[in-house]
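Chains as they are written, first to last, in full-length UniProt numbering: chain A, 1 to 325; chain B, 1 to 325; chain C, 1 to 325; chain D, 1 to 325.
There are 4 protein chains.
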Amino acid sequence: MIDYGPFYARLATSPLAPWLRTLPAEVHRWQTEQLHGDFAKWLKTLNTLPDATASSVSLDAVIRFGEPDDLSSGQRAKLEALLKQFKPWRKGPFDLFGLNIDTEWRSDLKWQRVLPHLDDLAGRYVLDIGCGSGYHLWRMKQAGAKMAIGIDPSQLFLMQFKAIQKYAPINLANDVELLPLGVDELPTLQVFDTVFTMGVLYHRRSPVDFLKQCWQQLRPGGQLVLETLVVEGDKYTVLMPENRYAQMRNVWFLPSTDALCLWLRRSGFKDIEVVDLNTTTTEEQRPTEWMENQSLCDFLDPNDRSKTIEGYPAPLRAVITARRI
Amino acid sequence: MIDYGPFYARLATSPLAPWLRTLPAEVHRWQTEQLHGDFAKWLKTLNTLPDATASSVSLDAVIRFGEPDDLSSGQRAKLEALLKQFKPWRKGPFDLFGLNIDTEWRSDLKWQRVLPHLDDLAGRYVLDIGCGSGYHLWRMKQAGAKMAIGIDPSQLFLMQFKAIQKYAPINLANDVELLPLGVDELPTLQVFDTVFTMGVLYHRRSPVDFLKQCWQQLRPGGQLVLETLVVEGDKYTVLMPENRYAQMRNVWFLPSTDALCLWLRRSGFKDIEVVDLNTTTTEEQRPTEWMENQSLCDFLDPNDRSKTIEGYPAPLRAVITARRI
Amino acid sequence: MIDYGPFYARLATSPLAPWLRTLPAEVHRWQTEQLHGDFAKWLKTLNTLPDATASSVSLDAVIRFGEPDDLSSGQRAKLEALLKQFKPWRKGPFDLFGLNIDTEWRSDLKWQRVLPHLDDLAGRYVLDIGCGSGYHLWRMKQAGAKMAIGIDPSQLFLMQFKAIQKYAPINLANDVELLPLGVDELPTLQVFDTVFTMGVLYHRRSPVDFLKQCWQQLRPGGQLVLETLVVEGDKYTVLMPENRYAQMRNVWFLPSTDALCLWLRRSGFKDIEVVDLNTTTTEEQRPTEWMENQSLCDFLDPNDRSKTIEGYPAPLRAVITARRI
Amino acid sequence: MIDYGPFYARLATSPLAPWLRTLPAEVHRWQTEQLHGDFAKWLKTLNTLPDATASSVSLDAVIRFGEPDDLSSGQRAKLEALLKQFKPWRKGPFDLFGLNIDTEWRSDLKWQRVLPHLDDLAGRYVLDIGCGSGYHLWRMKQAGAKMAIGIDPSQLFLMQFKAIQKYAPINLANDVELLPLGVDELPTLQVFDTVFTMGVLYHRRSPVDFLKQCWQQLRPGGQLVLETLVVEGDKYTVLMPENRYAQMRNVWFLPSTDALCLWLRRSGFKDIEVVDLNTTTTEEQRPTEWMENQSLCDFLDPNDRSKTIEGYPAPLRAVITARRI
């Protein structure tokens, strides 16, 4: 099992303490009733990772723990073989002891676009809703966050996170955590200083309820950092695909930025700013040795890269910041 | 208290029997914990209504129970005084013993527009989500429904319904019922043959979830009859007001009919048809002796009746029918 | 499945209506999650019972539905073969179309001892906690009860009951019902006029809580009819067996009648009377063609019939009546 | 409010961690819904206690924190006045900065009788069910317990405990805690090395269920230390008072030691030993300046100190030790 005891201990004496009223029971329910069919196998893989101490740490564009010499060559081969059992690796990049985990996404590029617009993270409690493998959690910590907590219902991403966290120095590892929960499983905490949610809103059947859920995690004055797919158009423009969008199932609302800003106003936010608009490139999202499935290049119309293969506008992503009233 | 015993007895041996797993507990919770502040007063009014037997019945444009001679003049004055305690009366018209209850809405006009497009109601179990005073429930019964059940969270509308139902012949009264519930309080029954929901969708923060909830009440092949505010535009057009719309708070999504049809497709419906489009007139919705508050005439721009006083397009209502896949 | 719809309909307009707040959900939970491993087989057996109409009815010492001529000989052989699949039959006797179901217990003898001490059952709602196959329910109905409802967690006893009920005339069948519940699953109803519980108390780990549970089912002034194993002794005498008692597992407290009366006083009862004391005989409880396991004769010390084979006093049963304060 | 955050942090990384699945929610429910009517007043008193650092500690017969010189005379007068607002003080004695809290019970005498029979407490997790003001918790800590946790539903006793704990050195204070819960609110933990329960069993309507609850808190092989009122007699002797016993309401079963040992065997215990039998004296339980109500001397028959004023045998207390199978 994944032991969240030290994390609960951190929560207990923090402003997040009210979370203890529901979290341990939820995690236990998950561990006893809702494990992924491959979880036992994954856990075994995780527990088989070579023990090693990282002699260096870097949380820059590449999250890097350890140097090549920290591992024997046998350990290194084993590490690579085991980590590849957690494919597909989507958000990164990471580097463990010189082993480069070249993920589908260059998530560092997104961070570069987001970082200049953040309220100073120093000393802050930060939540990342839909955090994937947790790449950005480490960047938040780098930027000064007191604690960076991610939630993501994917148990595979939890495994990826735990594999990376294993090699982080203990003081860092204690400040960065990932919980295998969906946003609907969060109680109304109203204590986070910053809430990130990147690449989630278009997967929600109710975008307004989702914005309210983000609101409910923030303290008054706390900052929301929202990244999602948008379309061109005025404040009455909202695209919903008939079926898939860029091959993704489960895509619901793609609003214009004006419509999205309106939704944010109706949801209790102020100081709303569109701080970035970016057409995703095949440099930022592409197949690699660590993600061998199809990627963006396969999801676009081969004759017109400005459209998805379904004929919708190609992925355009906005970053919007706002503050809870 | 309102006694739903005979209604539960009807449910128990009907296809709606699974509802008994939750309904009596919910109604009890409502009666013990969630009564409106005026409920006791209203109930007293209801229980003071004169006892009388209606010598005639008519469920045409006016829901009519009884003739003037069925009441003494004293009883009649009392009836009028008491029923006026349940103002504002919005959906009607009704006539009790010659006392005409001239409601804000000429709901018979809406029924005229809807009726031609209905699957034959004969022998059907019908649900009306957001039924108001229940006017249309009687029309559904007139059209042959086996049972017509409405839900509406307004406890004042429940009082209006109960006052009317009191004078209905017992065999009719047993087939028509109103429950003070919101749609979120319905279990997934999947047994109704027809689900009506008129004037509700634009009040929902999550229209897609609402359509799913309607879906969950229908048996496969069952018919949805949806009436809601729409706007002109293509399938990517959705209006959300900044604040109020035609003075109403709590208005969220006003899609184009094309957008709404798309939402219905994504929610599991087929055979989707826009069967009526109608700009609400001040003949259909207007203040009366029984609804003395402001009405549509006050909510439109006095200089341009095609706009609301907030500057949005004036109310345009679509009726859409669809069938559950 | 067992359809309790008509029973719920009866409850809905009776003083027992509050039971609907919990009962349908509980029964559904049982039918979906807690079925006995043989339940599907038993249900098939039940549904295979020959259809026949009983031309006569008698609820005397033998519960008797139908005459031999009401069935063909083939039907009769089938009936016997199927009913024997519900062995062991413990409480009876029953007679269906001349087929005598000679049960382990001559429960009519117990009824003879109890009957003279009952408050008149005419028009009463009666509950029998731990009713077994329901034999006494029919006797309660015979004695005038408006409804006689039994609970017993054994699903085999439910099958036996349903097999008998199938041949009862509809007006009788509607007034007599058995639910596969334990006493812990009853809400606090406080409406029954009479509560019977025979042969249950010594199986309860907490006899005082059990008496309270009986109390909670009774209306003020309602009568409790309690039959249980007792021992000789003063009001401080209570036997608990080290392990089994007369081969029964799960036997806890066997008080003297004085101790039991004291427990009743402490539990909110008055008018407490020990109306019968009876050493169970091997005439009353014995193996038969319908119960071929061991019976009382095997549970007594062969050399001293006044002792169980474990050396405890042989079964002595008291009937106590009391009224709820 | 009482802040249990540091305690939860201790639990989180201990064998007691599973308790976090229910405890914080329970404590929150208590703090928001079930506070004693005087709780706000008591809390204010508690928060007004003078801040001071104890220069000495002693956990012998008297639980003693601090020396007279650690407080000014004004602080000392204030301390006494405030602590007396928490009267009646029943279990002790305590001494804070030379202020002797002379409680109704000389609980040190009970500890003397119990101590020789305990499995070595060194390093153990210990639970005290019905711990009163928590006097014995400090003695358990003195005897080496890793953590000593008491539960008692009395919120006044919680205040007394918190007043004492305030002056304990932090390392001690962290290892000793009291929760305002009843035994029914404990989940099945099965991890405590030792469970104490002194003076509780006779208040339980179901003594066997209570023994099972103790069992459910112990790890296999863990020790139960049970102290309760008993009577003379054989294993079939159990006294239940008609009403009060020694003026106490809510007294149910007073078994002989033989009966109690039998109950323990039936509840899953082995190595059962009656290690002490003691008639409570008016030296051990008596009124003091800190408990001015009636005490034992008033509860005994003035003419025959071997009887209570109700005529029952005077309080005789047994200590029984046992181990969970």
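We put the CB at the ideal spot given by N, CA and C, even for glycine.
Contact test: residue i Cβ vs the ligand SAM heavy atom, cutoff 6 angstroms
i, result
"B/T282", "Because no ligand of any kind appears in the structure shown, any question about the ligand SAM cannot be addressed here."
Where residue i falls, given that 16 or more other Cβ within 10 Å makes a residue buried
i, result
"C/P241", "buried"
"D/S72", "exposed"
"D/M1", "exposed"
"residue 339 of chain C", "Residue 339 of chain C lies beyond the residue range present for chain C, which begins at 1 and ends at 325; the question has no answer from this structure."
"D/D70", "buried"
"A/C214", "buried"
"B/S55", "exposed"
"D/E104", "buried"
Alpha carbon of residue i to alpha carbon of residue j, nearest angstrom
i, j, result
"C/A189", "C/S267", "The sequence shown places Leu at residue 189 of chain C, rather than the Ala named in the question. Roughly 17 angstroms separates the two Cα atoms."
"B/A61", "B/P93", "8 angstroms"
"B/I129", "B/L178", "10 angstroms"
"D/F210", "D/K146", "25 angstroms"
"B/Y202", "D/I149", "55 angstroms"
"B/F253", "A/I272", "21 angstroms"
"B/I325", "A/I101", "45 angstroms"
"A/G5", "D/W19", "11 angstroms"
"D/N243", "C/N293", "45 angstroms"
"C/H117", "C/D276", "9 angstroms"
"A/V200", "B/S58", "54 angstroms"
"B/G311", "A/K270", "23 angstroms"
"B/S256", "A/Y125", "42 angstroms"
"D/S133", "C/T321", "44 angstroms"
Coil, strand or helix - residue i by DSSP
i, result
"C/L172", "helix"
"B/K162", "helix"
"C/V183", "helix"
"A/K78", "helix"
"A/P287", "coil"
"B/T32", "helix"
"C/Q247", "coil"
"D/Y4", "coil"
"D/V62", "coil"
"B/T197", "strand"
"B/R323", "strand"
"C/M240", "coil"
Proximal residues of chain F, C-beta to C-beta of residue i below 8 angstroms
i, result
"A/P6", "Given the protein chain composition of this structure (A, B, C and D), no chain F is represented."
Contact the region 9-25 of chain A vs the region 37-56 of chain A: 3+ CB pairs below 8 angstroms: no
Interface positions of the region 232-247 of chain D facing chain C (Cβ-Cβ less than 9 angstroms), listed along the chain: G233, K235, Y236, T237, V238, L239, M240, P241, E242, N243
Residues within the region 98-123 of chain D neighbouring chain C, beta-carbon criterion of under 8 angstroms: none
Segment contact flag, the region 206-223 of chain D with the region 222-236 of chain C, C-beta cutoff 8 angstroms, min 3 pairs: no
Residues in the region 202-222 of chain A having any Cβ partner in chain B nearer than 7 angstroms: R205, S206, V208, D209
Selection of the region 161-181 of chain C by Cβ proximity to chain B, strictly under 8 angstroms: none
Three or more C-beta pairs below 8 angstroms linking the region 27-41 of chain C and the region 134-143 of chain C: no
Stretch pair the region 286-295 of chain B + the region 129-138 of chain C: three plus CB contacts closer than 8 angstroms: no
Stretch pair the region 166-175 of chain A + the region 228-237 of chain A: three plus CB contacts closer than 8 angstroms: no
The region 190-201 of chain D touching the region 59-78 of chain D, judged by at least three CB pairs closer than 8 angstroms: no
Within 8 angstroms of chain A by C-beta, residues of the region 262-294 of chain B in sequence order: L262, W263, R265, R266
Near-chain D residues of the region 20-46 of chain A - C-beta to any C-beta below 8 angstroms: L20, R21, T22, P24, A25, H28
Under 8 angstroms (Cβ pairs) to chain B, residues found in the region 129-141 of chain A: none
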